[in-house]
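Colleague:
There are 2 protein chains.
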Amino acid sequence: MNKDFMQRALEEAKKVIIDVPICAIIVKDGEIISLAVNEREKTGFVTSHAEILTLNIANKKLNNWRLNDCDMYVTLEPCPMCGWAIQNARIKNLYFGSYDHNYGAISTYNLFKNSSTKVFGGILEKECDEILKNYFDKLR
Amino acid sequence: MNKDFMQRALEEAKKVIIDVPICAIIVKDGEIISLAVNEREKTGFVTSHAEILTLNIANKKLNNWRLNDCDMYVTLEPCPMCGWAIQNARIKNLYFGSYDHNYGAISTYNLFKNSSTKVFGGILEKECDEILKNYFDKLR
Chain D
1 MNKDFMQRAL EEAKKVIIDV PICAIIVKDG EIISLAVNER EKTGFVTSHA EILTLNIANK
61 KLNNWRLNDC DMYVTLEPCP MCGWAIQNAR IKNLYFGSYD HNYGAISTYN LFKNSSTKVF
121 GGILEKECDE ILKNYFDKLR
Chain F
1001 MNKDFMQRAL EEAKKVIIDV PICAIIVKDG EIISLAVNER EKTGFVTSHA EILTLNIANK
1061 KLNNWRLNDC DMYVTLEPCP MCGWAIQNAR IKNLYFGSYD HNYGAISTYN LFKNSSTKVF
1121 GGILEKECDE ILKNYFDKLR
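Protein sequences, first through last, are from chains D and F.
Going by this note's numbering, the first sequence opens with residue 1, and the numbers climb by one from there.
Going by this note's numbering, the second sequence opens with residue 1001, and the numbers climb by one from there.
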């Protein structure tokens, strides 16, 4: 695990406009091969969460739906849609920042119980929480 | 519910090559606005399940990630990835054919318990089961 990748994700998440600020990064052999932010509102696609978009980019780059030797860093715990996609892609390690106790694939739905993907939550948690808090405070 | 749409999905699923034969259709005001088949192997994208692809087509067509007045027909019970996308898209009614007792968003994970999407399984179940059985028999 390398916190620099979560730090990078945080910086990219801060640039998000309109959408809930979330960024996901996929790393292979110590290098970022894919980076995307949440774009559901911007694009009008229900599936345009940061994680799905990074998976698409990585799948295209590696020409394979399997991403066995790849790790994902994401600023918020994935929802069930993204969580299932991540484990189906055989992501090796999933590192997330903030916990989502309402809709989290792990915290709420325990979807990784039979998965080969190892999950580590709470990476730079305070900073990840803060970006989301700022966003929702502004909405009010 | 109109079984003709499931019948159409069955016919399209039968044409699938390489991939597990699954087809999903989205219907609005009695008309098909989107149809897609499972293309994970064909395209190399882990997210290219029939349901995700139909949602993308419908989102683009309606220029909206919300599909409130739309129904989905799919030949196999959705996985958690697709199930979560379907309910996030506010699909009104979800009709599926075969049950998936191993990885089903409903049967296995009960992911629709707080959803506004109403779910009806077992539509043309025998025919839907048969297509899958034929596919897996051939693999052996």
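Cβ coordinates follow ideal geometry from the N, Cα and C atoms, glycine included.
Give me the Cα-Cα distance between Ala58 of chain D and Leu1062 of chain F, rounded to the nearest whole angstrom.
Modeller: Ala58 of chain D and Leu1062 of chain F: Cα-Cα distance of roughly 28 Å.
Colleague: If we define contact as Cβ-Cβ less than 8 Å, is Met81 of chain D a contact residue for chain F?
Modeller: For Met81 of chain D, the answer is yes, since a Cβ of chain F falls inside 8 Å of its Cβ.
Colleague: Name the chain D residues that come within less than 8 Å of Gly1104 of chain F, Cβ to Cβ?
Modeller: Neighbours of Gly1104 of chain F on chain D: none; closest Cβ ~12 Å, over 8 Å.
Colleague: Cα separation between Gly83 of chain D and Lys1126 of chain F?
Modeller: For Gly83 of chain D and Lys1126 of chain F, the distance between alpha carbons rounds to 31 Å.
Colleague: Is there at least one Cβ from chain B nearer than 8 Å to Asn38 of chain D's Cβ?
Modeller: Absence of chain B from the displayed structure is noted, the protein chains being D and F.
Colleague: What residues from chain D crowd round Asn1063 of chain F, counting only those whose CB sits closer than 9 Å?
Modeller: Within 9 Å Cβ-Cβ: Gly44.
Colleague: Sorted by chain position, which residues of the same chain lie with C-beta nearer than 6 Å to Ile1026 of chain F's C-beta, five sequence neighbours on each side aside?
Modeller: Taken in chain order, the residues that qualify are Ile1033, Ser1034, Thr1054, Ala1058, Cys1070, Met1072.
Colleague: Name, please, each residue of chain F whose Cβ falls closer than 8 Å to the Cβ of Ala89 of chain D.
Modeller: Here the neighbours are Val1046.
Colleague: Secondary structure at Ile25 of chain D, three-state DSSP: helix, strand or coil?
Modeller: Strand, per DSSP.
Colleague: Under 8 Å between C-beta atoms, does Tyr1109 of chain F make it to chain D?
Modeller: By this cut-off, Tyr1109 of chain F is an interface position.
Colleague: Leu1055 of chain F touches chain D at which residues, Cβ-Cβ below 7 Å?
Modeller: Ordered by position in chain D, the residues that pass the 7 Å Cβ test against Leu1055 of chain F are Val46, Thr47.
Colleague: In terms of residue numbering, what span does the beta strand (DSSP E) encompassing Thr1075 of chain F cover?
Modeller: Start and end: 1070 to 1076.
Colleague: Going along chain D in order, which residues have a C-beta closer than 7 Å to the C-beta of Ala1085 of chain F?
Modeller: Simply Val46, Thr47, Met81.
Colleague: For the beta strand (DSSP E) that contains Asn1093 of chain F, what are its first and last residues?
Modeller: 1093 to 1098 is the extent of the beta strand (DSSP E) around Asn1093 of chain F.
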